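One structure is given below, encoded as structure tokens.
Numbering (my numbering), first residue to last: 132 to 425.
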């Protein structure tokens with residue numbers, strides 16, 4: 132009971148802070164000192180970000196307040212910007228009038244098409260001035276910069292955890308609700324977010340898009356590639372098996388290895404009850420049930 136009461140208090144605090152921000156920035160008064168001579172001279176008092184006009188700042192403030200005044204009349208989903216709602220509406224209408232002449236795909240807006248074409252040309256014109264990493268669009272660069280600044284503008288109203296990106300917050304909130312709307316059409320498994328589903332689908336396709344620039348070996352995920360690179364970097368194998376003495380670069384590999392000694396099979400098929408030592412083996416097994424049912 133004490134934990135529930137504590138959660139209610141923290142939620143009330145989050146909401147009261149947002150209400151205070153809304154009230155402060157809805158008042159008819161200057162948002163900043165506009166005597167500055169810089170091009171972006173209108174500054175957000177909360178995070179320090181600069182804008183060229185008061186209207187742009189008002190839109191930005193919604194990031195802090197969580198306000199989403201633009202509602203889709205078809206599904207009820209809400210948005211903080213009117214242009215985001217316009218793009219969303221095209222999902223319902225199916226209107227994709229912007230055509231890629233390279234691969235034939237169609238897109239909702241011209242900007243999305245431009246960013247897509249850069250995947251063909253490998254053009255990444257938006258460069259981070261802190262680490263020199265490049266991106267196909269300015270939005271991805273903006274989100275990337277938050278890694279350097281530590282800026283986390285998107286707050287979970289349930290537990291108070293903060294995120295650098297609204298999509299990360301959306302996926303996180305589903306952990307509270309249990310909602311898993313992203314379904315794999317191969318094995319039927321569900322996920323909190325589309326990014327998790329995309330990573331999962333690589334297991335079925337056999338695609339290994341992450342390449343080691345030192346030896347050319349390919350991997351299914353960036354995290355697996357990062358672990359592999361430790362071998363080239365000469366990182367010490369710090370994780371030690373007390374049964375056979377074998378060492379590993381990371382604890383997850385050690386945990387999997389220990390199953391070879393214990394015989395543990397933690398991955399169970401809900402259809403037939405068969406158990407597996409490795410998750411990848413269960414995934415392959417589930418495909419057989421999927422094919423048998425089709």
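Even for Gly, the Cβ is constructed at its ideal location relative to N, Cα and C.
Nothing here was measured: the structure is a model prediction, and the numbers come from that model.
query                                                                                                                                                                          : result
Return helix, strand or coil for residue 168, following the three-state DSSP convention.                                                                                       : In this prediction, residue 168 has a pLDDT of 41, which is less than 50 and means its spatial position is unreliable; what the coordinates show is noted afterwards. It is coil, neither helix nor strand.
Using 8 Å as the threshold, is the region 392–406 in touch with the region 299–306, meaning 3 or more CB pairs across them?                                                    : no
For residue 202, collect the residues of the same chain with a Cβ closer than 7 Å to its Cβ; drop the 5 residues on either side in sequence, then sort them by chain order.    : 209
Excluding the five sequence neighbours on either side, which residues of its own chain have a C-beta within less than 8 Å of the C-beta of residue 382, listed in chain order? : 370
May I have the straight-line CA-CA distance separating residue 399 from residue 412, to the nearest angstrom?                                                                  : 10 Å
For residue 290, tell me which candidate among 280, 279 and 307 has the shortest Cα-Cα distance.                                                                               : 307
Along the alpha helix (DSSP H) that carries residue 362, what are the first and last residues, could you check?                                                                : 353–364
Quick one: give me the first and last residue of the alpha helix (DSSP H) that residue 385 is part of.                                                                         : 382–393
Looking at C-alpha atoms only, which residue of 299, 277 and 280 is the closest neighbour of residue 286?                                                                      : 299
Indicate the three-state DSSP secondary structure (helix, strand or coil) for residue 399 in the structure shown.                                                              : strand
Grab me the residues of residue 385's own chain with a C-beta within less than 7 Å of its C-beta, minus the 5 sequence neighbours each way, in chain order.                    : 370, 372 and 379
Please return the same chain residues whose Cβ sits closer than 8 Å to the Cβ of residue 279, not counting the five positions on each side in sequence.                        : 259, 261 and 262
Would you say the beta carbon of residue 382 comes nearer than 8 Å to a heavy atom of the ligand MN?                                                                           : This structure simply doesn't include the ligand MN, nor any ligand for that matter.
Only counting the same chain, and skipping five residues up and downstream in sequence, which positions put a Cβ closer than 7 Å to that of residue 415?                       : none
Here's a check: name, in chain order, each residue in its chain whose Cβ is nearer than 7 Å to the Cβ of residue 269, leaving out the five neighbours to either side.          : 257
Which of the three DSSP states is assigned to residue 267 in this structure?                                                                                                   : coil
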